[in-house]
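One structure is given below, encoded as structure tokens.
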Amino acid sequence: MARNWPVVLLCAALLVGLALPLATGASPPGFYVEVLLGGLMTGVLYSLVAMGFALIFKASGVFNFAQGAMVLFAALAVARLAERMPLWAAILLGIVVMIALAFVIERVVLRPLVNQEGIALFMATLGVTFFLDGFGQTVWGSDIYKIDLGIAKEPVMVLQGLFQGGILINKEDVAAALVAVALVAVLALFFQKTATGRALRAVADDHQAAQSIGIPLNRMWVIVWSVAGIVALVAGVIWGSRLGVQFSVSLVALKALPVVILGGLTSVTGAIVGGLIIGVGEKMAEVFLGPVLVKTFDLAGGGIENWFAYVLALLFLLVRPQGLFGEKHIDRV
Amino acid sequence: MIQDTAASKRSTQNLEEVDMMHKAKFVGLAAGLAAAVAFGTGSALAQDKKGAPAKKAAAAGGGEQFFPVLSYRTGAYAPNGIPFANGFLDYLKLVNARDGGINGVRITFEECETGYATDRGVECYERLKGKGPTGATLFHPLSTGITFAVTDKSFVDKIPIVTFGYGRADSVDGTVFGWNFPLGGTYWDAADMLVQHVGKISGGVDKLKGKKIALVYHDSPYGKEPIALLEERSRMHGYQLLLLPVTHPGVEQKATWLQIRQQRPDYVFLWGWGVMNSTSIKEAVATGYPRNQMYGVWWSGAEPDVTPAGDGAKGYNALTFLAPAGQGQVHKDIIKYVHDKGDATGKKEGFGEVLYNRGMVGAMMSVEAVRRAQIRHGRKPLTGEQVRWGLENLAIDQAAIKRLGFEGFMTPISTSCVDHRGDSEAGIHTWDGKQWVVQKGVRLVADQAIIRPMIRASAEKYAGEKKIVRRDCAKESQQ
Numbered sequence: 001m002a003r004n005w006p007v008v009l010l011c012a013a014l015l016v017g018l019a020l021p022l023a024t025g026a027s028p029p030g031f032y033v034e035v036l037l038g039g040l041m042t043g044v045l046y047s048l049v050a051m052g053f054a055l056i057f058k059a060s061g062v063f064n065f066a067q068g069a070m071v072l073f074a075a076l077a078v079a080r081l082a083e084r085m086p087l088w089a090a091i092l093l094g095i096v097v098m099i100a101l102a103f104v105i106e107r108v109v110l111r112p113l114v115n116q117e118g119i120a121l122f123m124a125t126l127g128v129t130f131f132l133d134g135f136g137q138t139v140w141g142s143d144i145y146k147i148d149l150g151i152a153k154e155p156v157m158v159l160q161g162l163f164q165g166g167i168l169i170n171k172e173d174v175a176a177a178l179v180a181v182a183l184v185a186v187l188a189l190f191f192q193k194t195a196t197g198r199a200l201r202a203v204a205d206d207h208q209a210a211q212s213i214g215i216p217l218n219r220m221w222v223i224v225w226s227v228a229g230i231v232a233l234v235a236g237v238i239w240g241s242r243l244g245v246q247f248s249v250s251l252v253a254l255k256a257l258p259v260v261i262l263g264g265l266t267s268v269t270g271a272i273v274g275g276l277i278i279g280v281g282e283k284m285a286e287v288f289l290g291p292v293l294v295k296t297f298d299l300a301g302g303g304i305e306n307w308f309a310y311v312l313a314l315l316f317l318l319v320r321p322q323g324l325f326g327e328k329h330i331d332r333v
Numbered sequence: 001m002i003q004d005t006a007a008s009k010r011s012t013q014n015l016e017e018v019d020m021m022h023k024a025k026f027v028g029l030a031a032g033l034a035a036a037v038a039f040g041t042g043s044a045l046a047q048d049k050k051g052a053p054a055k056k057a058a059a060a061g062g063g064e065q066f067f068p069v070l071s072y073r074t075g076a077y078a079p080n081g082i083p084f085a086n087g088f089l090d091y092l093k094l095v096n097a098r099d100g101g102i103n104g105v106r107i108t109f110e111e112c113e114t115g116y117a118t119d120r121g122v123e124c125y126e127r128l129k130g131k132g133p134t135g136a137t138l139f140h141p142l143s144t145g146i147t148f149a150v151t152d153k154s155f156v157d158k159i160p161i162v163t164f165g166y167g168r169a170d171s172v173d174g175t176v177f178g179w180n181f182p183l184g185g186t187y188w189d190a191a192d193m194l195v196q197h198v199g200k201i202s203g204g205v206d207k208l209k210g211k212k213i214a215l216v217y218h219d220s221p222y223g224k225e226p227i228a229l230l231e232e233r234s235r236m237h238g239y240q241l242l243l244l245p246v247t248h249p250g251v252e253q254k255a256t257w258l259q260i261r262q263q264r265p266d267y268v269f270l271w272g273w274g275v276m277n278s279t280s281i282k283e284a285v286a287t288g289y290p291r292n293q294m295y296g297v298w299w300s301g302a303e304p305d306v307t308p309a310g311d312g313a314k315g316y317n318a319l320t321f322l323a324p325a326g327q328g329q330v331h332k333d334i335i336k337y338v339h340d341k342g343d344a345t346g347k348k349e350g351f352g353e354v355l356y357n358r359g360m361v362g363a364m365m366s367v368e369a370v371r372r373a374q375i376r377h378g379r380k381p382l383t384g385e386q387v388r389w390g391l392e393n394l395a396i397d398q399a400a401i402k403r404l405g406f407e408g409f410m411t412p413i414s415t416s417c418v419d420h421r422g423d424s425e426a427g428i429h430t431w432d433g434k435q436w437v438v439q440k441g442v443r444l445v446a447d448q449a450i451i452r453p454m455i456r457a458s459a460e461k462y463a464g465e466k467k468i469v470r471r472d473c474a475k476e477s478q479q
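So the sequence lines, in the order shown, correspond to chains H and R. FYI, in the numbering used here the residues of the first sequence are 1 to 333. FYI, in the numbering used here the residues of the second sequence are 1 to 479.
Here it is in structure tokens:
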């Protein structure tokens, strides 16, 4: 505990920063709560993408840069298929497409690279990213496509008695949060309670050792990439419903990077908590910190939320390199 | 604008045939790629194939005028880049197929994908500037960022940079920016028109005092351009200007719209591009901001900007200049000479949409500039330097607009050596849930008494920084 004081100190400083707008009266309470909730809801969506990163890293030790591209590919598939069939059928077929993709990636990219350095596998996923981005758009198109989950887009006002003007809640965001919670529960059960889940964890620890005790490495990789593909599909459908399905969806993955840095690459819980911290942090920074910085230092101005997410991640990286929930890596020498 | 005539029905049928052909091509290809993928639609792939620069070989002999086409068919801004590029290319193809080129000089072109990224745009510029027997005719960078980057190069390469409705506002001053042509309007014009318009509906610009106007802008050179004008007008009329930047690509705007909800501005001006526009409208729905109090610049008022928001976009307004949606005589010609021959650049869905038509007008003005320059330099392939004369002596009057089949899609425009923008006029169109409806009786002209001194000061500063000697237009005209 004593060694954790930098983390405690950083968390305390962030909490103080978080409370400042309210404490100094810079923000009305209602608005503050709205920004906070908005940040949490966005954070949940980041978590969904980050979970895909964590899953593959946890199970195969590969940092899958292609996760964002997979989100886009899955969302494009569902959106275009839904034009020709009911949404549920499109989602099911989308899952089939993602599993097929997992097979192809395992066969073409991963299998030839078994037992290679992590960086080689990472570079391979970089290649997969560009391929999927381009191939997805070539096959499915580059326009903005719609996914309609049938959830009302109009906001709902709650707590009108407590705050002036009420608190604005978006039903779509709430649905996304519920889906994320359900997904985490299912994944936790899968990893902790099933034989396949345990085998996946063994593979993550050491490819060669896992192979030597008879765990079929190739099959495990197909399974984990399939699971990550399905997670990508869920994230893609929710993001796509909010933003429309288009290339930009893949850029959301760039927001998931600070999330996994902060939460820890090996932890699904870390992805969730990291997502929430990044979501809240960037929204609070954009709304409250940005204008103060511009005014105080007479800056040119501009959005700060994009880079602030990385500042937060870097701060955590400095005090806890393995991330908040990551496993500490110890090498014997 | 759209006449439901037998001809247009026939056109639609033809387009459907073209689309069917595209789909057939796709299915064959997709089946070979993956079984699962074969369920997708193929128009996009077919369209990309059509958009490939494969037509150069068709041109013959030495009589070729080369047009570089900087476009973006992939990436975050593709939904807006695709229809523009399709319109641009279809018109160039039309001139070849219908007229045999520009007074007999055939057009060749090559597309280069910029992805709306400045570095790739500069790379495309460098790659294409020397192509063709006389080099590039002119460039349409289709990005303010790329425009800023290649402006300095244009002085050396002597190739015009045409940025109609975008680019540097101060480049109107042809005596300093000798190679830039912000034809038809700049962002200062657009911002001025919008302030005038909301002033008018508030009961006069003096009634704007105490009101709040929020500018939700793309955090890039493009989005920042109108700020200077809006600040100037704010000083004049006393409205409060809220500046809300949105970082590229603009898919995350929750913080922005929560601030709008808190500040409750009377009007929101939207200066977005690509997916940022539709996201803004969606967030406006999600935070309950009335769409009829939102006004987009002319780059935030096309079909891809509103359709993703569904019914939520109803009532949203935007400036429209040069080319609203719809079809006219030129479209019939494109159907007849380009689509019917199986040479269409795009799929039928985008045909006649706002950005398709704007691309078409852009190509037409470029072609007319060459035609104009041929009067002085002869009916032969011209260099960029020679085409500049055509661009700064452009005179497209109402009769010419009618002759070219563009009636209803643009207003007359004439330029000069001093004034590289020419006439600037715009209207407002509103999305009714299905289509853009141009508001009747709204014709907006920017107040040059405000803008001219700003252009002068900014161009002066640029000339000082870059050590540019002002051109003497009077002397040049006598040569």
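Ideal Cβ positions, reconstructed from N, Cα and C, are used throughout, including at glycine.
Close Cβ partners of residue i (< 7 Å) along its chain, the five nearest in sequence each way excluded
i	result
Val438(R)	Thr320, Pro324, Gly427, His429
Phe190(H)	Gly197
Glu327(H)	Thr266
Ile413(R)	Leu183, Gly184, Leu394, Ile396, Gly422, Asp423
Thr175(R)	Val418, Arg470, Arg471, Cys473
Listed by chain order, chain H residues near residue i by CB distance under 8 Å
i	result
Pro79(R)	Ser142, Asp143, Ile144, Gln246
Val69(R)	Those do not exist, as Val69(R) stays about 17 Å from chain H at its closest Cβ, beyond 8 Å.
Ala76(R)	Gln246, Phe247, Ser248, Leu251
Thr279(R)	Leu243, Gly244
Ile213(R)	Under the 8 Å cutoff, chain H gives no residues; its nearest Cβ is about 16 Å from Ile213(R).
Own chain partners of residue i with C-beta closer than 8 Å, once the 5 adjacent residues on each side are dropped
i	result
Ser202(R)	Leu208, Lys211, Asp266
Ala202(H)	Ala209, Ala210, Ile213, Ile215
Residue i: contacting residues in chain R (beta-carbon distance under 8 Å)
i	result
Ile42(H)	The residue you asked about is not Ile; residue 42(H) is Thr in the sequence shown. By Cβ distance, chain R contributes Glu252, Lys254.
Val35(H)	Ala255, Leu258
Lys283(H)	Lys254, Ala255, Leu258
Chain-ordered chain R contacts of residue i [CB-CB under 7 Å]
i	result
Glu286(H)	Ala255
Asn306(H)	Thr247
beta-carbon residue i near the ligand SAM non-hydrogen atom, thresh 7 Å
i	result
Lys153(H)	You won't find the ligand SAM in this model; it holds no ligand whatsoever.
Nearest-angstrom beta carbon gap, residue j and residue i [assumed within contact, 8 Å]
i	j	result
Ser95(R)	Val367(R)	First, the amino acid is wrong: residue 95(R) is Val here, not Ser. Indeed, because the Cβ distance is near 6 Å, the residues count as touching under 8 Å.
Gly118(H)	Gly61(H)	6 Å
Leu382(R)	Thr415(R)	Actually they do not touch by this definition, with Cβ atoms about 17 Å apart.
Pro21(H)	Phe308(H)	Their Cβ separation, rounded to whole angstroms, is 15 Å, which puts Pro21(H) and Phe308(H) out of contact at 8 Å.
Pro249(R)	Met276(R)	6 Å
Met41(H)	Ala188(H)	At roughly 22 Å, the Cβ-Cβ gap does not stay under 8 Å, so Met41(H) and Ala188(H) are not in contact.
Beta-ladder partner(s) of residue i, from DSSP
i	result
Ile107(R)	Gln65(R)
Arg245(R)	Checking the sequence, you will find Pro at residue 245(R) rather than Arg. Note: Pro245(R) sits in a beta bridge opposite Tyr217(R).
Glu117(H)	Paired residue(s): none; Glu117(H) is not in a bridge.
Asp173(R)	Asp419(R)
Tyr145(H)	Val245(H)
Val162(R)	Phe181(R)
Glu113(R)	Ser71(R)
Lys212(R)	Gln240(R)
Partners in chain R for residue i, counting only beta-carbon separations shorter than 9 Å
i	result
Glu154(H)	Val285, Ala286, Gly288, Gly312
Gly274(H)	Within chain R, no residue comes near Gly274(H); the closest Cβ sits about 17 Å away, beyond 9 Å.
Lys58(H)	Chain R residues near Lys58(H): none, gap ~27 Å exceeds 9 Å.
Leu168(H)	Leu258, Arg261, Ala286, Thr287, Gly288
Close-in-space but distant-in-sequence residues of the same chain around residue i (CB under 6 Å, 5 per side omitted)
i	result
Phe334(H)	This structure does not reach residue 334(H), given that chain H is present from 1 up to 333, and the question cannot be answered.
Pro304(R)	Pro79, Asn80
Gln67(H)	Gly52, Phe53, Ala253
Asp90(R)	Ile334, Val338, Thr345
Gly223(R)	Tyr217, Trp271
Leu110(H)	Trp221
Phe122(H)	Phe63
Gln160(H)	Gly166
Ala235(H)	Leu48, Val49, Val71
Notebook entry, point to check: Residue ranges of each alpha helix (DSSP H) run of no fewer than 4 residues wholly in the region 60 to 91 of chain H, ordered along the chain?
Noted result: 67 to 82
Next item on the list: Quick one: which unbroken alpha helix (DSSP H) runs of 4-plus residues sit fully inside the region 323 to 347 of chain R? Chain order, please.
Entry: 329 to 334
Check: Quick one: complete beta strand (DSSP E) runs, 3+ long, within the region 240 to 313 of chain R?
Finding: 240 to 246, 267 to 271, 294 to 296
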